[in-house]
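I have placed the structure first, in the form of structure tokens, so that the comments after it can refer back to it.
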Amino acid sequence: MTNRQLHDVLAEAFVAEGVDTHFTLLGDANMHWGTVMAEQHNVTTVHARHEHCACAMASAYAYVTGRVGVASVTHGPGFTQLMTALATAARGRIPLVVFAGETPTGAVWTLQHIDQAPLALASGADYIPIQNVKHALDRVREAFTIARHERKPVVLGVPTDLQRVPYADAPEYVPSTAIIPHTEHITPDAQSIETIAKMIESAQRPIVIAGRGAVMAGAKAQLQELAERGGALLSTTLPARCFFDGDPYALGIAGGWSSDAAFKLFNACDLVIAVGASLNGHTANAGRLYPNAKVVQIDLNPEPIRDGRVVAHYHMRAEAKAGVEAINRRLSKDGATRTGYRTADVRRAIEQSADTATYPIEVGTFDPREVVRAIDHVIPKDWFVVGGSGHCAFFAATNMRDRPPELFASIRDFGAIGSNLAHAIGIAAARKDRKILLLDGDGSLLMHIQELETIRRHGLPMLIVALNDGAYSSEVHKLRADGFSAKQVQFGPTDFAAMTRGFGLRGQKITDLAALQRLFDEHMAGDVAEVWDVPISGEVLSTSFRRELQRH
Ligand SMILES: Cc1ncc(C[n+]2csc(CCOP(=O)(O)OP(=O)(O)O)c2C)c(N)n1
Ligand SMILES: [Mg+2]
């Protein structure tokens, strides 16, 4: 094409980076590039109804595929909408490239101008401006290199007038994958193996924590062997939830969301062996979970400080499976397995760890724990489950069983509500082979409910469960604990079923949990996304809130 302009060349570069899916909201400053991406390169283009959601969709897409997610926005107000999604991606170490238009460099004044770079930088993202056609391709490669290699969001700022500059003689683009150094297989270090084996041998009450790195490495059997040899209990981070379900010594999630029984066992443990887990503030419950334990971290990229805390006393750089196998080999030399923490009493405590606290349930509502268990019962195990964000997210995460952690995502890294519908859309775009189940609170869903229209327009297959207590219950419980009225955050239930039908989807109010199987069969026959509006009691406290509010 002889009349190629910079936006054509930039689109070609993105395609050369392997981009085949793109999340956007088009405006003056990205509409030419976006149209070329969609129509000349057949890049699957998901048109969101809010830029925050486009960015959150791209983040979830990147999270589940391991590829660089791509979003694009127009300049000024299109860009300022991104802040929460960018901060979430930055904290979640999500590789992302955001194509952001900038106002024209040649204009005296433009209504929508704002200095975009400081905003991006404040969110934790990088900002790379393209200021000259000659360096444009280098900047694109740099953006993808940083996103891939450093696992962070990078914004490429491209002024609209520069995008229209003819660039017929652009050189061939060399993608970032051609220049990123190949990471050699790391052989676990013999000295580290010996040190860790000795720590295990001298521990009385060790616990293994598996993170997403362990799940991705497929290290379940190796970790179970390690725990058995070392007399350790097993636990997971939230992203690795259910990894050891069915094992009698599995404690469930480590952290603020631990059961009371698990929390007590963690409190008394003297050694934590974390594998493929960053040991962030959630997992360590800000230092409260295992205050007296020595901590060993086995990870490809061990980081000494996370969320303000020194995470471990000893690190071994290794891939999860290879590292654990090496320790198992060393432990197997003397043959014996240790009892350690695997006593009959502990096993009984784990068996009895279900939350049985009772609460008054208002008429016409359900106990959220029962709701999630009933939903878990009817949803096939091969569905992809997306977690929510408010108080109710705890119930959704802890009442589902035996689900592959590879088919679970809960991106909570900035603690924002409102992104989960967008996450579910990004995952639906990434995993076309799966049906998606999203469980989210009424407040979070309403924050970006407009994306139901995106779901309908793109025909995305999903079932959304609105855990509807008509309130920001997270705030309800905290305000009450602080001695305040909760009225300011209790709005009453929204009719999600009617609203969803208004968007052209199926909507169903759930009045009987026994009817879920029939409703599920109807949903499958319907072949269109659906929202189940489930009235839940706002009175049931999560285990984590019960513990936290007591500390208050
Ligand atoms: C973007 C954003 N705004 C506000 C908050 C504060 N906040 C945390 S949880 C929550 C309530 C969410 O309500 P809902 O989704 O219904 O869940 P519930 O707590 O009621 O179970 C709010 C407002 C936040 N975390 N993120
Ligand atoms: Mg709510």
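If you read the sequence shown in my numbering, its first letter stands for residue 122, the second for the next number, and so on. Cβ coordinates follow ideal geometry from the N, Cα and C atoms, glycine included.
Go ahead and pull the three-state DSSP assignment for A518. By 1-based counting over the sequence shown, the position of residue 518 is 397. If DSSP states are grouped into helix, strand and coil, A518 belongs with the helices.
Confirm the yes/no value for this check: CB of G613, any heavy atom of ligand 3, distance under 8 Å. Ligand 3 is not part of this structure, which contains only ligand 1 and ligand 2.
CB contact flag (I215, R262, <9 Å): Stepping through the sequence shown from its first residue, residue 215 is reached at position 94. Stepping through the sequence shown from its first residue, residue 262 is reached at position 141. No.
N589 beta carbon less than 9 Å from that of P656: Reading the sequence shown from its first residue, position 535 is the one you call residue 656. Reading the sequence shown from its first residue, position 468 is the one you call residue 589. Result yes, Cβ atoms of P656 and N589 sit closer than 9 Å.
Determine the direct distance from the alpha carbon of L344 to that of I448, and round the result to whole angstroms. Here the question's residue 448 lines up with position 327 in the sequence shown. Here the question's residue 344 lines up with position 223 in the sequence shown. Near 10 Å, if we compare the C-alpha coordinates of L344 and I448.
Do you know offhand how far T186's Cα is from P274's? For the purposes of this step, residue 186 is taken as residue 65 along the sequence shown, with counting starting at 1. For the purposes of this step, residue 274 is taken as residue 153 along the sequence shown, with counting starting at 1. So the two alpha carbons sit approximately 15 Å from each other.
Considering only their Cβ atoms, is the gap separating A395 from I330 smaller than 9 Å? In the sequence shown, counting from the first residue as 1, residue 330 sits at position 209. In the sequence shown, counting from the first residue as 1, residue 395 sits at position 274. Yes. Within cutoff.
Let me confirm a value: Y480 is counted as buried when at least 16 other C-beta atoms fall within 10 Å, else exposed. Which label applies? Numbered from 1 along the sequence shown, position 359 holds the residue referred to as residue 480. By the neighbour-count rule (16 or more Cβ atoms within 10 Å), Y480 is not buried but exposed.
Quick one: is the Cβ of C513 within less than 8 Å of any heavy atom of ligand 1? Numbered from its first residue, the sequence shown carries residue 513 at position 392. At least one heavy atom of ligand 1 is nearer than 8 Å to the Cβ of C513, so yes.
Pairing CB atoms from the region 302-316 with CB atoms from the region 245-258, are three or more of them under 8 Å? no
To the nearest whole angstrom, what separates the beta carbons of V218 and A264, a pair I think is in contact under 8 Å? Here the question's residue 218 lines up with position 97 in the sequence shown. Here the question's residue 264 lines up with position 143 in the sequence shown. That belief holds up - the Cβ atoms of V218 and A264 are roughly 5 Å apart, short of 8 Å.
Shorter than 8 Å, the distance from the beta carbon of A382 to the closest heavy atom of ligand 1, or not? Residue 382 sits at position 261 when you count from the first residue of the sequence shown. False, no ligand heavy atom lies under 8 Å from that Cβ.
If you check the beta carbons only, do I321 and R362 fall under 9 Å apart? As a working note, residue 321 is residue 200 in the sequence shown. As a working note, residue 362 is residue 241 in the sequence shown. Not in contact: I321 and R362 (Cβ atoms no closer than 9 Å).
So, for E346: in the same chain, excluding its five sequence neighbours on each side, which residues have a beta-carbon less than 7 Å away from its beta-carbon? Taking the first residue of the sequence shown as 1, we reach residue 346 at position 225. Around E346: N449.
Buried or exposed for T477, going by 16 or more other Cβ atoms inside 10 Å? In the sequence shown, residue 477 corresponds to position 356, counting from 1. Label assigned to T477: exposed.
Can you name the start and end residues of the beta strand (DSSP E) that V396 belongs to? As a working note, residue 396 is residue 275 in the sequence shown. Start and end: 392-396.
Distance CB(A537)-CB(A175) smaller than 9 Å: For this step, residue 537 is matched to residue 416 along the sequence shown. For this step, residue 175 is matched to residue 54 along the sequence shown. Not closer than 9 Å, so no.
For A371, the first and last residue of its enclosing beta strand (DSSP E): Along the sequence shown, read from residue 1 onward, the residue named residue 371 stands at position 250. That run of the beta strand (DSSP E) goes 371-374.
Run the proximity test for Y435: is its beta-carbon closer than 8 Å to any non-hydrogen atom belonging to ligand 2? In the sequence shown, counting from the first residue as 1, residue 435 sits at position 314. The answer is no for Y435.
CA-CA distance, R429 and A405? By one-based count along the sequence shown, residue 429 stands at place 308. By one-based count along the sequence shown, residue 405 stands at place 284. The question names Arg, yet the displayed sequence has Gly at residue 429. The straight-line gap from Cα to Cα measures roughly 11 Å.
Span of the beta strand (DSSP E) around H544: As a working mapping, residue 544 is identified with position 423 in the sequence shown. First-last for H544: 541-551, but that is the alpha helix (DSSP H), not the beta strand (DSSP E).
Any contact of the region 467-474 with the region 556-572, i.e. 3+ C-beta pairs under 8 Å? no
Identify, in the order they occur along the chain, each residue of the same chain with its Cβ nearer than 6 Å to the Cβ of A238, setting aside the five sequence neighbours on each side. Working through the sequence shown from its first residue, we reach residue 238 at position 117. Taken in chain order, the residues that qualify are Y248.
Does the region 653-672 come close enough to the region 512-520 that 3 or more CB-CB pairs lie under 8 Å? yes
Taking the CB atoms as reference points, tell me whether V507 and A241 lie closer together than 9 Å. Numbered from 1 along the sequence shown, position 386 holds the residue referred to as residue 507. Numbered from 1 along the sequence shown, position 120 holds the residue referred to as residue 241. No, these two residues do not count as a Cβ contact at 9 Å.
Could you tell me the distance, in whole angstroms, from the CA atom of E138 to the CA atom of A268? Working through the sequence shown from its first residue, we reach residue 138 at position 17. Working through the sequence shown from its first residue, we reach residue 268 at position 147. Going from the Cα of E138 to the Cα of A268 covers about 12 Å.
Please report the straight-line C-alpha distance between A375 and D368, rounded to a whole angstrom. Position 254 of the sequence shown, counted from the start, is the residue given in the question as residue 375. Position 247 of the sequence shown, counted from the start, is the residue given in the question as residue 368. Cα-Cα distance, rounded: 15 Å.
Which residues in the same chain have their Cβ closer than 6 Å to the Cβ of A291, if we skip the five residues on either side of it in sequence? Translated into the one-based positions of the sequence shown, residue 291 becomes position 170. The answer, listed in chain order, is V130.
Could you say which of F641, R622, S297 lies nearest to A134 if we only look at CA atoms? Stepping through the sequence shown from its first residue, residue 134 is reached at position 13. Residue S297 is the option with its Cα nearest to A134.
According to DSSP, is T308 helix, strand or coil? Within the sequence shown, the letter at position 187 stands for residue 308. In this structure, T308 counts as coil in the three-state DSSP scheme.
Mind checking whether the beta-carbon of N589 lies closer than 8 Å to any heavy atom of ligand 2? For this step, residue 589 is matched to residue 468 along the sequence shown. Yes - ligand 2 has a heavy atom lying nearer than 8 Å to the Cβ of N589.
Limits of the unbroken alpha helix (DSSP H) element including S531: In the sequence shown, the residue the question calls residue 531 occupies position 410. Per DSSP, S531 belongs to no alpha helix (DSSP H) and is neither H nor E.
Going by beta carbon distance, what residues of the same chain come within less than 6 Å of A340, once the five residues before and after it are set aside? Numbered from its first residue, the sequence shown carries residue 340 at position 219. Within the same chain, A340 has close Cβ partners A441, K442, V445.
For H569, count the other beta carbons within 10 Å of its own beta carbon; 16 or more makes it buried, fewer makes it exposed. Which is it? Translated into the one-based positions of the sequence shown, residue 569 becomes position 448. Buried, since its Cβ has 16 or more Cβ neighbours within 10 Å.
Could you name the residues of the same chain whose beta carbon sits closer than 7 Å to that of H153, not counting the 5 residues immediately before and after it, in chain order? Along the sequence shown, one-based indexing puts residue 153 at 32. Hits under 7 Å: H128, Q284.
If we count the other Cβ atoms within 10 Å of its Cβ and call it buried at 16 or more, is S356 buried or exposed? Walking along the sequence shown from the start, residue 356 turns up at place 235. Buried, because 16 or more other Cβ atoms sit within 10 Å of the Cβ of S356.
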